[in-house]
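Numbering (this note's numbering), first residue to last: 3 to 417.
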RNA sequence: GGAUAGAUGGGUGAGCGGCUGAAACCACAUCCCUGCUAAGGAUGCGUAUGGGUAACUGUACCGAGGGUUCAAAUCCCUCUCUGUCCA
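Written out as structure tokens, the structure is:
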């Protein structure tokens, strides 16, 4: 959630910044007005309530002293009607404000490039050089089927389209990758956690998936519970509504979970293969930091994901997302894109974001900042998407006969 | 699924419907005293939000949501969660 005080104080700046994320100034104007209206309504209610409280106190004193309370009672009853009216207006204003405020995305950092969509993202650097093939490299689905690693039809049989099944070495490799990634991240100081795959509405509101993106989520039929679209949700919300001690920070965590996404609006995109599935494995990094250390930790997370790809000998590049491509909660994001020779292109395999205090404000995650409480910064990033890593391994390590060489670092995990 | 007990501030744990935003203890912070593997004393110490330069002060919050009342942590209802017992 954006800082309403800041909006009130420096409307133009906020509005300019958010316009880069495609937020209409009118919407913000509206938010500002709603905020002011709420303040007025609250002030009225509180004044009336103060009067009521003081009269009630008098009432007690009167009774004790045996004085007549008829007149006071009349006054108090009259005031009571005004209070209930004032309270109702305040409640309506509050709801209006909240529902609007919760749907406004985070303010992008100043160094976020201008741009409309992914075509305006800015490459930072390439890491490792893609190998030269003496033959035409195949795409991963062909290799996956040829090697008997992945069965797309049977996934559909069990569930629906965009589900797949891994067999044999395909399944083993997935498991090896998960373990390798978790160990790698642990060595970099990210503590391993294992969390629920189902979360409640408050958790999703905390990280920003709700209320705006309910269509992307799988929801349980009988309860207000959802399948997680990313481990970011349960892991970040671990500290929801808590005030952390300054010396607890930074908290750096890594978690493996399955992720579930409806991929609404992705019709026709990546329909073939396992680039875009409804269920996929992912190892995530989440950090909770003091504001002044979040940039440093952000870089550390990007570096960790990049080093992980390098350890797997996968060529990749770092891309700074432009304003228009930035996610709802992100102030800045760097994507890691892995080279896929079969597709002859770089594809997203990790996305590292600093949400600054956007999620912390929603999830009420604070820390003791000297003698006052401040919001923490929260960051998240994949390290890495397992399915896409498997895809990258297949395409980069393929041989002319369609067989696949296993990256050296994974062999200890496969014995 | 049924029965029953419970849910209070960082922790333990009091709390007659009004003087309770909440005793006490622990923890924590600052200071004092003293000095030896310690102890003692003083003060402060919940969260959010409004007003005020500040001192200070208004409002709300004792699992959540409703209700009764001039007045609710305290009474009533519903729900959630936890413990125990039964199936």
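Just so you know, even glycine gets a beta-carbon here, dropped at the ideal spot from N, CA and C. Predicted model only: the values in this text are computed from it and were never measured.
What are the boundary residues of the beta strand (DSSP E) that includes residue i?
i: residue 197; result: Segment: none, residue 197 is in no beta strand (DSSP E) and carries neither H nor E.
i: residue 375; result: 374 to 377
i: residue 245; result: 244 to 246
i: residue 335; result: 334 to 342
i: residue 228; result: 227 to 229
i: residue 114; result: Looking at the DSSP string, residue 114 is not in any beta strand (DSSP E), and its letter there is neither H nor E.
i: residue 69; result: Per DSSP, residue 69 belongs to no beta strand (DSSP E) and is neither H nor E.
i: residue 125; result: 124 to 129
Where do the N-terminal and C-terminal ends of the alpha helix (DSSP H) with residue i fall, by residue?
i: residue 237; result: 234 to 238
i: residue 360; result: 360 to 365
i: residue 11; result: 6 to 11
i: residue 389; result: 388 to 398
i: residue 413; result: 413 to 416
Kindly indicate which three-state DSSP category residue i falls into: helix, strand or coil?
i: residue 283; result: strand
i: residue 353; result: strand
i: residue 61; result: helix
i: residue 104; result: coil
i: residue 151; result: coil
i: residue 158; result: helix
i: residue 405; result: coil
i: residue 15; result: helix
i: residue 380; result: strand
i: residue 347; result: strand
i: residue 1; result: Residue coverage of the chain in this structure runs from 3 to 417, which leaves residue 1 outside it and unanswerable.
i: residue 136; result: coil
i: residue 97; result: helix
i: residue 86; result: helix
i: residue 224; result: coil
Quick one: what's got a C-beta closer than 8 Å to residue i's C-beta in the same chain, skipping five residues either side?
i: residue 116; result: 22, 122, 324, 325
i: residue 102; result: 29, 32, 33, 36
i: residue 215; result: 330
i: residue 38; result: 10
i: residue 266; result: 217, 218
i: residue 82; result: 54
Which residues in the same chain have their Cβ closer than 7 Å to the Cβ of residue i, if we skip the five residues on either side of it in sequence?
i: residue 328; result: 23, 110, 114, 335
i: residue 170; result: 150, 151
i: residue 183; result: 285, 310, 385, 386
i: residue 174; result: 416
i: residue 220; result: 228, 229, 262, 264
i: residue 290; result: 241, 251, 252, 253, 367, 378, 380
i: residue 27; result: 17, 21
i: residue 180; result: 258, 283, 285, 388
i: residue 168; result: 151, 152, 176
Please return the same chain residues whose Cβ sits closer than 6 Å to the Cβ of residue i, not counting the five positions on each side in sequence.
i: residue 272; result: 278
i: residue 315; result: 409
i: residue 274; result: 143
i: residue 47; result: 88, 89, 92
Could you tell me which uninterrupted beta strand (DSSP E) segments, each at least 3 residues in length, are contained entirely in the stretch 168 to 213, listed from first to last along the chain?
193 to 195, 200 to 202
Count the C-beta pairs between the stretch 258 to 271 and the stretch 279 to 289 that are closer than 8 Å, then say yes if the count reaches three, no if not.
yes
I'd like to know if the stretch 35 to 43 and the stretch 59 to 71 are in contact, where contact means that at least 3 CB-CB pairs between them fall below 8 Å.
no
Uninterrupted beta strand (DSSP E) stretches inside the stretch 259 to 331 (no shorter than 3 residues)
281 to 291, 318 to 322
So does the stretch 358 to 369 actually touch the stretch 204 to 219, counting three or more Cβ pairs closer than 8 Å?
yes
Can at least three beta-carbon pairs, one atom from the stretch 332 to 351 and one from the stretch 383 to 402, be found at a separation below 8 Å?
yes
Which full runs of the beta strand (DSSP E) of 3+ residues lie inside the stretch 20 to 60, going along the chain?
none
So does the stretch 125 to 141 actually touch the stretch 73 to 85, counting three or more Cβ pairs closer than 8 Å?
no
Should the stretch 226 to 235 be regarded as contacting the stretch 198 to 205, the criterion being three or more beta carbon pairs within less than 8 Å?
yes
Evaluate the contact criterion for the stretch 240 to 257 versus the stretch 151 to 165: three or more CB pairs, one atom per stretch, below 8 Å.
no
Within 8 Å, do at least three Cβ pairs link the stretch 367 to 383 to the stretch 240 to 251?
yes
Three or more C-beta pairs under 8 Å: does that hold for the stretch 298 to 310 against the stretch 375 to 385?
yes
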